[in-house]
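S.K.: Below you will find the structure I want to go over with you.
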Amino acid sequence: MQNMLVMPTPEQLKDFGHPDFIIYNAGCFPANRYTSGMTSSTSVCVHFQRREMVILGTEYAGEMKKGILTLMMYAMPMKMQLPLHSSCNVGREKGDVTLFFGLSGTGKTTLSADVNRDLLGDDEHVWSDTGVFNVEGGCYAKAIDLTHDNEPEIFDAIRFGAVLENVVFDSSTRVVDYHDTSVTENTRCAYPLSHIPNSIIPAVVDTHPSNVVLLCCDAFGVLPPVSVLDPDQVQYYFISGYTAKVAGTEQGITEPTATFSACFGAPFLVWHPVVYAEMLSHKIQKHKCTAYLLNTGWIGGGYGEGKRCSLKYTRKMIDAMHDGTLKAMVDDGEHNFDTLPLFNLKVPKSLPGVPEHILYPKDGWEDKEKFDATLTKLAKLFEQNFQEYADRCPQSVREAGPQVE
Numbered sequence: 171m172q173n174m175l176v177m178p179t180p181e182q183l184k185d186f187g188h189p190d191f192i193i194y195n196a197g198c199f200p201a202n203r204y205t206s207g208m209t210s211s212t213s214v215c216v217h218f219q220r221r222e223m224v225i226l227g228t229e230y231a232g233e234m235k236k237g238i239l240t241l242m243m244y245a246m247p248m249k250m251q252l253p254l255h256s257s258c259n260v261g262r263e264k265g266d267v268t269l270f271f272g273l274s275g276t277g278k279t280t281l282s283a284d285v286n287r288d289l290l291g292d293d294e295h296v297w298s299d300t301g302v303f304n305v306e307g308g309c310y311a312k313a314i315d316l317t318h319d320n321e322p323e324i325f326d327a328i329r330f331g332a333v334l335e336n337v338v339f340d341s342s343t344r345v346v347d348y349h350d351t352s353v354t355e356n357t358r359c360a361y362p363l364s365h366i367p368n369s370i371i372p373a374v375v376d377t378h379p380s381n382v383v384l385l386c387c388d389a390f391g392v393l394p395p396v397s398v399l400d401p402d403q404v405q406y407y408f409i410s411g412y413t414a415k416v417a418g419t420e421q422g423i424t425e426p427t428a429t430f431s432a433c434f435g436a437p438f439l440v441w442h443p444v445v446y447a448e449m450l451s452h453k454i455q456k457h458k459c460t461a462y463l464l465n466t467g468w469i470g471g472g473y474g475e476g477k478r479c480s481l482k483y484t485r486k487m488i489d490a491m492h493d494g495t496l497k498a499m500v501d502d503g504e505h506n507f508d509t510l511p512l513f514n515l516k517v518p519k520s521l522p523g524v525p526e527h528i529l530y531p532k533d534g535w536e537d538k539e540k541f542d543a544t545l546t547k548l549a550k551l552f553e554q555n556f557q558e559y560a561d562r563c564p565q566s567v568r569e570a571g572p573q574v575e
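Count along the sequence shown from 1, add 170, and you get the number used in the working numbering.
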């Protein structure tokens, strides 16, 4: 946690006093399954009144940092500040800020680590009245299949002072095998922001975001790699928090499964998801952000038939956000975009460095009828999921999602 939190200076420690929040982590010591309300030997409990968190029966160290995120989800909205389960980076020349929202395996950490931009943080932020600040002082990156070629910033951050979690290494050479998942699929590395050469320390910027990116990993292969969202669509897809669990992302998953996690962080929410969604939409409109849905999942077919969109092309799409290409296309008019049926998503017809057949998902499918059927299937899953939140949303937001007759 010394890597993950913002550490106080010696001067600050002199007058520290009593902590505002205490985390008790008992590691693998199990919870009593016969205790009232207990359903497993793993227990993660937060008591806001006592300002305490107790963790039992898990060796996943990330529960501690997620406890801090839950605390922020509780406290910040009461101060009219928006807590975010997101990564964030900043343009080195223009100082433009981009937020990335996404669940496990969607690329939130990977895409925010950009050699051409400065990193504010990879997971927990607050969008305040003056800009954005990182709740943490470090990064907690996935280590599975890590290579220098694919993720050089993260790979190079693993050096003295970093903490590798649940990885397998050769006891004689001490060389780590990042491809070995015999302990868990969810191998991790915790390192301080100072290990990233282009990180911003202290991790705060007095600039409001220009781009908001909602990430998903669509294993059905029907959502476009990138699409532009209007304010109502932002709320709908933010509340939905869609992605797909596939092998390599979650333990025990061998077939793709659609999953929805409100605000891309349902376990950490304290207030109703609509509270956070309305705050996000208000800030996006107030500060004239452009919002996108970015799919890092499958193209040319679903999981097992198509292939995952190349990171190279995904980065080209993000470059088009940062250099203003996509924003200029939006300002120029609808003729620059196709529309995905049912979802009513605006899909760019072309982007520099990206093959056109990749942009519109149906073009890459050999079986067009199967594409249509799969698109309808996913649309119905969205509709079913959103029923839980529909009564708290205005009609314009309810209609911003997929419409299946």
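We treat Cβ as the ideally placed atom computed from N, Cα and C, and that holds for glycine.
Can you check whether the CB of K486 is closer than 8 Å to the CB of L463?
M.R.: It is not a contact, given that the beta carbons lie outside the stated cut-off.
S.K.: Taking the alpha carbon of Y530 as the reference point, which residue from R287, N506 and L551 has its own alpha carbon closest?
M.R.: Out of R287, N506 and L551, N506 has the C-alpha closest to the C-alpha of Y530.
S.K.: Give the DSSP-derived three-state secondary structure of P531 in the structure shown.
M.R.: Three-state DSSP puts P531 in a helix.
S.K.: Select from K184, T413 and I225 the residue whose C-alpha is nearest the C-alpha of I192.
M.R.: Answer by Cα proximity: I225.
S.K.: Measuring CB to CB, does L140 end up less than 8 Å from I324?
M.R.: Since the first and last residues shown for the chain are 171 and 575, residue 140 lies out of range.
S.K.: At what residues does the beta strand (DSSP E) containing N173 begin and finish?
M.R.: Segment: none, N173 is in no beta strand (DSSP E) and carries neither H nor E.
S.K.: Beta-carbon separation of C387 and A414 under 8 Å?
M.R.: Yes, these two residues count as a Cβ contact at 8 Å.
S.K.: In three-state terms, what does DSSP make of A461?
M.R.: Strand at A461.
S.K.: Would you mind working out which of N286, Q182, N555 and S369 sits nearest G143, comparing C-alpha positions?
M.R.: Because the chain is modelled from 171 through 575, residue 143 falls outside the range shown and cannot be assessed.
S.K.: What separation, rounded to the nearest whole angstrom, lies between the Cα atoms of G307 and D533?
M.R.: Near 43 Å, if we compare the C-alpha coordinates of D533 and G307.
S.K.: So what's V444 in DSSP terms, helix, strand or just coil?
M.R.: Three-state DSSP puts V444 in a helix.
S.K.: Take the Cβ of S210 as the centre, count every other Cβ of all protein chains shown within 10 Å, and call the residue buried at 16 or more, exposed below.
M.R.: By the neighbour-count rule (16 or more Cβ atoms within 10 Å), S210 is not buried but exposed.
S.K.: Between G301, D326, A201 and F303, which has its C-alpha nearest A311's C-alpha?
M.R.: Taking only the C-alpha atoms, the option nearest A311 is D326.
S.K.: How big is the Cα-Cα spacing for N259 and V383?
M.R.: Looking at the two C-alpha atoms, the distance is approximately 12 Å.
S.K.: For the alpha helix (DSSP H) containing I409, list its first residue and its last residue.
M.R.: I409 -> alpha helix (DSSP H) spans P401 to S410.
S.K.: Once you ignore the five residues that flank F218 on each side, which residues in its own chain have a CB closer than 7 Å to its CB?
M.R.: Y244, listed in sequence order.
S.K.: From P178 to P372, what distance separates their C-alpha atoms?
M.R.: Computed Cα separation, rounded: 12 Å.
S.K.: Considering only residues of the region 489-531, which uninterrupted alpha helix (DSSP H) runs meet the minimum length of 4 residues and lie entirely inside it, listed in chain order?
M.R.: You should have 495-502 and 526-529.
S.K.: Mind reading off the beta-carbon distance from V398 to K516? Whole number of angstroms is fine, and I expect it under 8 Å.
M.R.: With 8 Å as the limit, V398 and K516 qualify as a contact, their Cβ atoms being about 4 Å apart.
S.K.: Please report the Cβ distance between D284 and C309, rounded to the nearest whole angstrom; I am assuming they are in contact, meaning their Cβ atoms lie under 8 Å.
M.R.: The pair is not a contact, with the Cβ atoms about 13 Å apart (cut-off 8 Å).
S.K.: Do L252 and S431 have their CB atoms nearer than 8 Å?
M.R.: Contact flag unset, no.
S.K.: Identify the continuous beta strand (DSSP E) that holds S256 and give its terminal residues.
M.R.: Counting along the chain, the beta strand (DSSP E) containing S256 begins and ends at L252 to G261.
S.K.: Let me know if D288 comes out buried or exposed under the rule of 16 or more other beta-carbons within 10 Å of its beta-carbon.
M.R.: Classification of D288: buried, given that the 10 Å Cβ count is 16 or more.
S.K.: Tell me whether N381 sits in a helix, a strand or coil according to DSSP, three-state version.
M.R.: Reduced to three states, the DSSP call for N381 is strand.
S.K.: For H255, which residues from the same chain have a beta carbon less than 6 Å from its beta carbon, with the 5 sequence-adjacent residues on both sides left out?
M.R.: F434 and G435, listed in sequence order.
S.K.: When you compare only the Cα positions, how much space is there between Q182 and L363?
M.R.: Going by the C-alpha atoms only, they are around 20 Å apart.
S.K.: Short of 8 Å in beta carbon distance, which residues of its chain neighbour F339, apart from the five on each side in sequence? Order them along the chain.
M.R.: If we look at F339 and ignore the five residues flanking it on each side, its Cβ neighbours are V345, V346 and D347.
S.K.: For the alpha helix (DSSP H) containing L273, list its first residue and its last residue.
M.R.: Taken as a continuous stretch (DSSP letters only), L273 belongs to no alpha helix (DSSP H), as it is neither H nor E.
S.K.: Just mark V574 as buried or exposed, buried being the case when its beta carbon has 16 or more other beta carbons within 10 Å.
M.R.: It is exposed - the Cβ of V574 has fewer than 16 other Cβ atoms within 10 Å.
S.K.: Which word fits G187, buried or exposed, when buried means at least 16 other C-beta atoms lie within 10 angstroms of its C-beta?
M.R.: So G187 counts as exposed.
S.K.: Out of curiosity, what's the CA-to-CA distance linking S404 and A461?
M.R.: Reading the sequence as shown, one finds Val at residue 404 and not Ser. Those two C-alpha atoms are separated by around 7 Å.
S.K.: Beta strand (DSSP E) containing A570: first to last residue?
M.R.: From DSSP, A570 is part of no beta strand (DSSP E); its letter is neither H nor E.
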